[in-house]
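Below: the structure, in structure tokens.
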Amino acid sequence: DKKPAVNFIRNIINEDLKNGKNGGRVVTRFPPEPNGYLHIGHAKSICFNFSLAQEYPGGKCYLRFDDTNPEKESVEFMESIKRDVAWLGFDWEDRLTHASDYFDRLYELAEGLIQRDKAYVCSLNAEQAREYRGTLKEPGKDSPDRNRPVEESLDLFRRMKAGEFADGTYTLRAKIDMSSGNINMRDPVLYRIRKVHHHRTGDKWNIYPMYDYTHPLSDAFEAVTHSICTLEFQDHRPLYDWIIEQCETEFVPHQYEFSRLNVNYTITSKRKLKYLVDQGLVSGWDDPRMPTISGMRRRGLTPASLRKFSERTGISKKETIIDVGILEEEVRNDLNETAKRAFAVLDPIKVTISNYPEGKEEVIEIPNHPQKPDWGTREILFEKTLYIDRSDFLEDAPPKFFRLSPGKEVRLRYGYVIRCDEVIKDDAGVVRELVCTYDPDTLGGKKPADGRKVKGIIHWLSESGSKPALVRIYDRLFNVENPGVVESVEDALNPESLLTMVDSRIENSLTQVAPGDTFQFERLGYFCADQIEFSAEKPVFNRTVTLKDTWQS
Ligand code: ATP
Ligand code: MG
Ligand code: MG
Numbered sequence: 004d005k006k007p008a009v010n011f012i013r014n015i016i017n018e019d020l021k022n023g024k025n026g027g028r029v030v031t032r033f034p035p036e037p038n039g040y041l042h043i044g045h046a047k048s049i050c051f052n053f054s055l056a057q058e059y060p061g062g063k064c065y066l067r068f069d070d071t072n073p074e075k076e077s078v079e080f081m082e083s084i085k086r087d088v089a090w091l092g093f094d095w096e097d098r099l100t101h102a103s104d105y106f107d108r109l110y111e112l113a114e115g116l117i118q119r120d121k122a123y124v125c126s127l128n129a130e131q132a133r134e135y136r137g138t139l140k141e142p143g144k145d146s147p148d149r150n151r152p153v154e155e156s157l158d159l160f161r162r163m164k165a166g167e168f169a170d171g172t173y174t175l176r177a178k179i180d181m182s183s184g185n186i187n188m189r190d191p192v193l194y195r196i197r198k199v200h201h202h203r204t205g206d207k208w209n210i211y212p213m214y215d216y217t218h219p220l221s222d223a224f225e226a227v228t229h230s231i232c233t234l235e236f237q238d239h240r241p242l243y244d245w246i247i248e249q250c251e252t253e254f255v256p257h258q259y260e261f262s263r264l265n266v267n268y269t270i271t272s273k274r275k276l277k278y279l280v281d282q283g284l285v286s287g288w289d290d291p292r293m294p295t296i297s298g299m300r301r302r303g304l305t306p307a308s309l310r311k312f313s314e315r316t317g318i319s320k321k322e323t324i325i326d327v328g329i330l331e332e333e334v335r336n337d338l339n340e341t342a343k344r345a346f347a348v349l350d351p352i353k354v355t356i357s358n359y360p361e362g363k364e365e366v367i368e369i370p371n372h373p374q375k376p377d378w379g380t381r382e383i384l385f386e387k388t389l390y391i392d393r394s395d396f397l398e399d400a401p402p403k404f405f406r407l408s409p410g411k412e413v414r415l416r417y418g419y420v421i422r423c424d425e426v427i428k429d430d431a432g433v434v435r436e437l438v439c440t441y442d443p444d445t446l447g448g449k450k451p452a453d454g455r456k457v458k459g460i461i462h463w464l465s466e467s468g469s470k471p472a473l474v475r476i477y478d479r480l481f482n483v484e485n486p487g488v489v490e491s492v493e494d495a496l497n498p499e500s501l502l503t504m505v506d507s508r509i510e511n512s513l514t515q516v517a518p519g520d521t522f523q524f525e526r527l528g529y530f531c532a533d534q535i536e537f538s539a540e541k542p543v544f545n546r547t548v549t550l551k552d553t554w555q556s
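Read in order, the letters of the sequence shown are residues 4 to 556 in UniProt numbering.
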């Protein structure tokens with residue numbers, strides 16, 4: 004593998020190691036909130052954090068569930084996140100943790116803050132608290148409870164924990180500075196009352212800690228040396244440092260921010276993706292059009308291509324939008340190397356070879372990968388009844404059309420040259436069958452004896468060499484460049500993002516593959532057997548990506 008790219012975080016780590024900081028250790032973490040499925044932006048964060056741990060001797064990366072909002076979180080989401088991280092190729096070993104593992108310790112430290120007069124129980128309701136907080140231009144005002152005696156705050160905090168008060172009646176707030184230029188420092192809430200069931204701690208807690216309090220302390224407990232997050236947390240860093248300092252943790256972690264991954268024609272917000280799922284605008288979190296890791300997996304994208312993409316798009320503080328074409332290119336590059344070739348006919352027209360004997364069958368041996376002889380061969384059948392794709396036939400073909408048209412010849416890949424003699428249509432004028440003749444001397448690329456030039460080569464299947472299949476052709480889910488900023492997501496949806504081909508045909512052997520296996524259907528793109536719906540009796544394939552970048556905006 005290539006050496007990892009230089010970026011400012013790797014520079015900081017190298018510098019820290021040189022200076023013997025953190026005892027020469029590198030510890031990172033990926034801290035998702037289990038309130039939805041992970042998306043491509045999370046994939047980048049996973050790849051970066053786990054790769055850093057792999058790059059440095061003794062490096063470690065935690066997978067930590069930031070589970071402090073029980074109403075929105077679930078075991079389903081946690082399980083999906085574990086699956087996604089493992090699928091991307093990373094191993095958290097014994098470092099799977101939860102913010103909820105630390106609820107007792109966090110509570111103890113909060114009492115300590117109260118005792119040192121660094122936190123107080125406040126009775127302002129949410130609306131009042133907002134008012135008191137002030138704005139960017141105006142300083143905030145002190146809460147009337149700011150100087151509540153320590154003993155009183157301690158007593159109230161204990162009773163909050165014991166469940167004596169209703170949701171929203173009290174909060175625990177840090178005592179910092181209501182006139183700070185940084186609104187995050189204006190006595191932020193550390194704990195709120197939420198009498199809700201937690202998927203891990205059950206009904207034990209009536210209060211839950213806030214992200215800004217939980218996160219730095221969890222980092223400290225795990226001795227995370229480089230706590231890497233996205234740029235929107237830059238303004239939270241002073242609070243991060245304040246919490247660490249005031250709680251006097253043994254280990255002092257540091258936060259570093261990089262700009263989040265944005266991809267054009269893509270949404271990278273869990274909340275907005277959840278909306279698509281909840282509104283039934285997609286079939287679920289794992290709809291192959293979704294930029295979720297589970298959607299991309301079902302679409303047939305490979306872990307290697309996502310890792311490459313993550314590394315290639317770099318780590319910086321600059322806000323950029325990455326072209327989704329770069330992801331598609333990485334997918335193609337990887338699948339070109341790893342996918343076997345196969346034939347499929349998406350929208351078949353029947354072809355009858357009039358001069359081919361009835362009942363005769365020829366077995367043609369063809370390579371699984373034209374550049375990889377060691378991958379072996381497979382057999383396809385040639386016979387009287389064949390299928391070609393509708394798009395490879397044109398009745399009134401322009402001169403540059405080198406596929407099949409009346410009176411013209413085309414080569415069937417690995418097979419014979421055929422000529423179209425007759426076009427049979429149904430009452431509606433739709434082409435139903437082409438009657439053709441084959442040139443028996445042209446098998447397997449042999450040129451016609453009389454020197455005739457046949458330019459076009461098309462894919463095909465025979466009647467008994469193929470089976471019916473359902474094939475889904477995906478296009479981009481959105482047809483606007485930045486769907487993240489449109490007023491209504493519905494308006495940004497590409498109405499042609501899913502085309503279902505119900506009468507497709509595939510090589511017989513493709514009914515025996517495993518769900519998730521990916522192939523290059525020659526001339527058509529890369530396709531993967533659907534992980535959920537594929538069966539030998541009812542094969543379903545999804546198009547992962549086209550062979551070339553043909554997308555037109
Ligand atoms: P969203 O904004 O989509 O709801 P989030 O940040 O709320 O995502 P978390 O579960 O808190 O979701 O994220 C876990 C980690 O993933 C965080 O460290 C966060 O910085 C990182 N992350 C989230 N989105 C991106 C992105 N687009 N690019 C890079 N990292 C991201
Ligand atoms: Mg978050
Ligand atoms: Mg969020």
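C-beta atoms are modelled at their ideal positions from N, C-alpha and C, and glycine is treated no differently.
In the DSSP assignment, V474 falls within the beta strand (DSSP E) that extends over S469 to Y477. For F51, the enclosing alpha helix (DSSP H) begins and ends at I43 to E58.
Annotation for V30: K63, A226, V227 and T228 place their beta carbon closer than 6 Å to its own, counting only its chain and skipping 5 residues before and after.
Using a C-beta cut-off of 8 Å, the segment 232-249 makes no contact with the segment 77-90, since fewer than three inter-stretch Cβ pairs fall below that distance.
Taking the Cβ of L389 as the reference point, every heavy atom of ligand 1 lies at 7 Å or farther away.
For D552, the number of other beta carbons within 10 angstroms of its own is below 16, and it is reported as exposed. Residue environment for T380: exposed (fewer than 16 other C-beta atoms within 10 angstroms of its C-beta). With the rule of 3 Cβ pairs closer than 8 Å, the segment 200-219 does not count as touching the segment 45-56.
Its chain contains N265 and N267 as the residues whose beta carbon lies nearer than 6 Å to that of I324, once the 5 sequence neighbours on both sides are disregarded; these appear in chain order.
By the criterion of a C-beta distance shorter than 6 Å, E466 is surrounded in its chain by T388, once the five residues flanking it on both sides are discounted. Remark: C-beta atoms of P294 and T271 approach each other more closely than 8 Å. Per DSSP, the beta-bridge partners of F481 are L496.
Secondary structure at S103: helix, using DSSP grouped into helix, strand and coil. Listed by position in the chain, the residues whose beta carbon lies within less than 5 Å of some heavy atom of ligand 1 are P35, E36, G44, H45, K47, S48, C232, T233, R263, L264, T271, S272 and K273. Of the candidates D120, H202 and L284, D120 places its Cα closest to the Cα of L175. Non-local C-beta neighbours of L502 in its own chain, meaning closer than 6 Å and more than five positions away in sequence, comprise I476, ordered along the chain. By the C-beta criterion, the segment 513-531 is judged not to be in contact with the segment 277-290, since fewer than 3 inter-stretch pairs fall below 8 Å. Between the segment 451-459 and the segment 484-504, the count of Cβ pairs shorter than 8 Å is below three; the stretches do not touch. Within 10 angstroms of the beta-carbon of L139 lie fewer than 16 other beta-carbons, which makes it exposed. The residues T305, A307 and S308, in chain order, have a CB closer than 6 Å to that of D337 in the same chain once the five nearest residues on each side in sequence are set aside. Between Q515 and R344, the beta carbon gap of about 16 Å keeps them out of contact (Cβ cut-off 8 Å). For A342, the closest alpha carbon among the candidates C125, D70, R546 and K21 is that of R546. D170 is a Cβ neighbour of R197, given a cutoff of 8 Å. Between I509 and A347, the CB-CB gap stays under 8 Å. By the criterion of at least three beta-carbon pairs nearer than 8 Å, the segment 140-152 is in contact with the segment 176-187. Within the same chain, and ignoring the five residues on either side of D506 in sequence, the residues whose Cβ sits closer than 8 Å to its Cβ are D350, P351 and P471.
By the C-beta density criterion, F11 is exposed, having fewer than 16 other C-beta atoms within 10 angstroms.
In the DSSP annotation of this structure, the continuous segment of the alpha helix (DSSP H) that includes F224 starts and ends at Y214 to F224. Within the model, the alpha-carbon separation for E154 versus R161 is close to 11 Å. Taken in chain order, the whole beta strand (DSSP E) runs of length 3 or more contained in the segment 407-442 are 412-415, 420-428 and 434-442. Annotated three-state conformation of S491 is coil, per DSSP.
Nearest Cα to F168 within the set R195, E490, S182 and G143: R195. Contact check for D69 against P34 passes: the beta carbons are separated by less than 8 Å. For V88, the uninterrupted alpha helix (DSSP H) segment begins and ends at V78 to W90.
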